[in-house]
Ligand SMILES: [Zn+2]
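Residue numbers (this note's numbering): -13 to 420.
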């Protein structure tokens, strides 16, 4: 994907007649303001002070309320939107970009190619990939991500760089019977020591790869600390088969890896039913994928106020099926979009993710997907006091997306997704520039 309108130099503070040191205020006008928290405003503006939003609304009103000497930047025929939120990615797998051909014929075909390749990757390659992934996220308009890590390479603390991250340390181990034993050797002791850092949390990989005791202990730890917990759920039929009957690819794989517990018996449930039985579903759990869901599963997720992150392009590339997003919407489930990793996707462009979702579900209004890209992601990661909308008090992370021939608010969301997918974006205001 090319991003012709965005250069890394755009991260710098926009030119201002008044130096930021003496006047921290900036007034940003555009033909459209899309606050997400409220309807689009034609001829809108945002007043910022440093890295915070002070006011947002109709241009004339905001201009009248701006302090004397505020520098005006007219961004012209663009829509101002909040920086995007990637609900689920694996930045330390970014070095895999372009190494695996898509589409695959299913999860097993993909994993059989990935695993041997993974063992050849050095820490240096993975670390370089991680930083390239961060850079790509910023170029694509992302300000916050939920990032899964297996501790494969050193990484900067989330509070020290952008995009902002919620780092989920992922627990794997179908044969581990406690959180402590699953953490051994993973370099995860750090998270326990830094338990009060709001940028760190725990994830379990999936019901077919992480044991019930580890899943429940990890969730309990998150619950005690008030942190969001996440887990890949109902991604492929192999997962469903293992939980239903204890047979199939997952069983064979676990046996090959020497991780099959001989006494394990299948719960004969769906992945969501199983997680519900384990007591890990609540409004601080984020399920990722949700491709193979029953109507009862959707009802359970809705009843527990659990959030879901959809990754339509990853699912398409692996050939695992298509999540029925309209069901989540019908049930009022908090939803967001994620790119997943560059081992299962071609880029980290969230606009492309929304464009795929629109193609898959043309009956869903584009505004719903724009909401998922912003506020839905921020809420799912528990960061909506900082990100997700253009509102007073939030971080001044504002994107400008070129829009042409938009005559009414009803056309704006689709135009934003398509133009964003074409790369017609620019950071109007980025917190790193303050
Ligand atoms: Zn994933």
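Ideal placement from N, C-alpha and C gives every residue a C-beta, glycine not left out.
This one's a predicted model, so the numbers in the text were calculated from it and none came from an experiment.
Beta-carbon proximity list for residue 60, same chain, < 7 angstroms, skipping 5 on both sides: 15
Does DSSP classify residue 117 as helix, strand or coil? helix
Quick one: what's got a C-beta closer than 7 angstroms to residue 25's C-beta in the same chain, skipping five residues either side? 395
Quick check: the stretch 292 to 305 against the stretch 231 to 251, are there 3 or more CB pairs under 8 angstroms? no
Going by CA-CA distance only, name the one from 138, 381, 130, 222 that's closest to residue 307. 222
How close, in whole Å, do the beta carbons of residue 44 and residue 27 come, if the pair is a contact with beta carbons under 8 angstroms? Rounded, the Cβ-Cβ distance is 6 angstroms, consistent with contact.
Is the stretch 262 to 271 close to the stretch 200 to 216, with three or more CB pairs under 8 angstroms? yes
Closest by C-alpha distance to residue 53, when choosing among 64, 33, 72, 70: 33
Which ranges would you report for the beta strand (DSSP E) in the stretch 64 to 95 if only whole runs of at least 3 residues count? Fully enclosed beta strand (DSSP E) runs of 3 or longer: 64 to 68, 70 to 75.
Below 7 angstroms, is the gap between the Cβ of residue 311 and the nearest heavy atom of ligand 1? no
Can you say whether residue 149 is buried or exposed, counting buried as having 16 or more other CB atoms within 10 angstroms of its CB? By the 16-neighbour rule on beta-carbons within 10 angstroms, residue 149 is buried.
Mind reading off the beta-carbon distance from residue 359 to residue 340? Whole number of angstroms is fine, and I expect it under 8 angstroms. 6 angstroms
In three-state terms, what does DSSP make of residue 361? helix
Over the uninterrupted beta strand (DSSP E) stretch that includes residue 108, give me the two end residues. Premise fails: residue 108 is in no beta strand (DSSP E) and is neither H nor E.
Can you list, in chain order, the residues of its chain with a C-beta nearer than 7 angstroms to that of residue 0? Leave out the 5 residues immediately preceding and following it. Summary for residue 0: the model assigns pLDDT 37, below 50, so the residue's position carries little reliability, and this model does not support an answer.
Which complete beta strand (DSSP E) runs does the stretch 203 to 237 hold, if anything under 3 residues is left out? 215 to 219
What residues match up with residue 381 in a beta bridge as DSSP calls it? 38
To which residues of the same chain is residue 128 closer than 8 angstroms at the C-beta, ignoring the five residues directly before and after it? 69, 70, 71, 72, 149, 334, 336
Quick check on the DSSP output: the beta strand (DSSP E) that includes residue 280 runs from which residue to which? Residue 280 -> no beta strand (DSSP E), and no H or E assigned at all.
So does the stretch 73 to 92 actually touch the stretch 107 to 119, counting three or more Cβ pairs closer than 8 angstroms? Three or more Cβ pairs drawn from the stretch 73 to 92 and the stretch 107 to 119 lie within less than 8 angstroms of each other, which places the two stretches in contact.
Let me know the secondary structure DSSP gives residue 62 once reduced to three states. In this structure, DSSP gives residue 62 a state outside helix and strand, which the three-state scheme calls coil.
Secondary structure, alpha helix (DSSP H): runs of 4+ residues fully inside the stretch 276 to 364: 281 to 289, 298 to 304, 311 to 316, 336 to 346, 352 to 357
Tell me whether residue 410 is buried or exposed, calling it buried when 16 or more other Cβ atoms sit within 10 Å of its Cβ. Buried: at least 16 other Cβ atoms inside 10 Å.
Pairs of beta-carbons, one from the stretch 203 to 219 and one from the stretch 177 to 195, closer than 8 angstroms: are there three or more? yes
Between residue -5 and the rest of its own chain, which residues show a CB-CB distance below 6 angstroms, the 5 nearest in sequence each way excluded? Caution is warranted here: a pLDDT of 35 is assigned to residue -5, below 50, making its placement in the model unreliable, and the coordinate value is therefore given only provisionally. If we look at residue -5 and ignore the five residues flanking it on each side, it has no Cβ neighbours.
Burial state of residue 293, where buried means 16 or more other Cβ atoms lie within 10 Å: buried
Could you check how far apart the C-beta atoms of residue 344 and residue 338 are, in whole angstroms? I think they sit under 8 angstroms. Incorrect: roughly 11 angstroms between the Cβ atoms, too far for contact.
Quick one: what's got a C-beta closer than 8 angstroms to residue 185's C-beta in the same chain, skipping five residues either side? 143, 144, 145, 150, 151, 152, 153
Relative to the C-alpha of residue 314, which residue among 355, 325, 304 is closest? Nearest of 355, 325, 304 to residue 314, Cα basis: 355.
Going by alpha carbons, who is nearest to residue 249 out of 232, 259, 125? 232
Does the distance from the C-beta atom of residue 276 to that of residue 219 stay below 8 angstroms? yes
Three-state secondary structure (DSSP) of residue 188: strand
Across which residues does DSSP place residue 251 in a beta bridge pair? Paired residue(s): none; residue 251 is not in a bridge.
Between residue 283 and the rest of its own chain, which residues show a CB-CB distance below 6 angstroms, the 5 nearest in sequence each way excluded? 256, 258
Chain-order list of residues whose beta-carbon lies under 7 angstroms from that of residue 89 (same chain, five-residue window excluded): Taking residue 89 as the centre and dropping the five residues before and after it, the same chain places the C-beta of 302, 303, 305 closer than 7 angstroms to its C-beta, in chain order.
Using 8 angstroms as the threshold, is the C-beta distance between residue 402 and residue 39 below it? no
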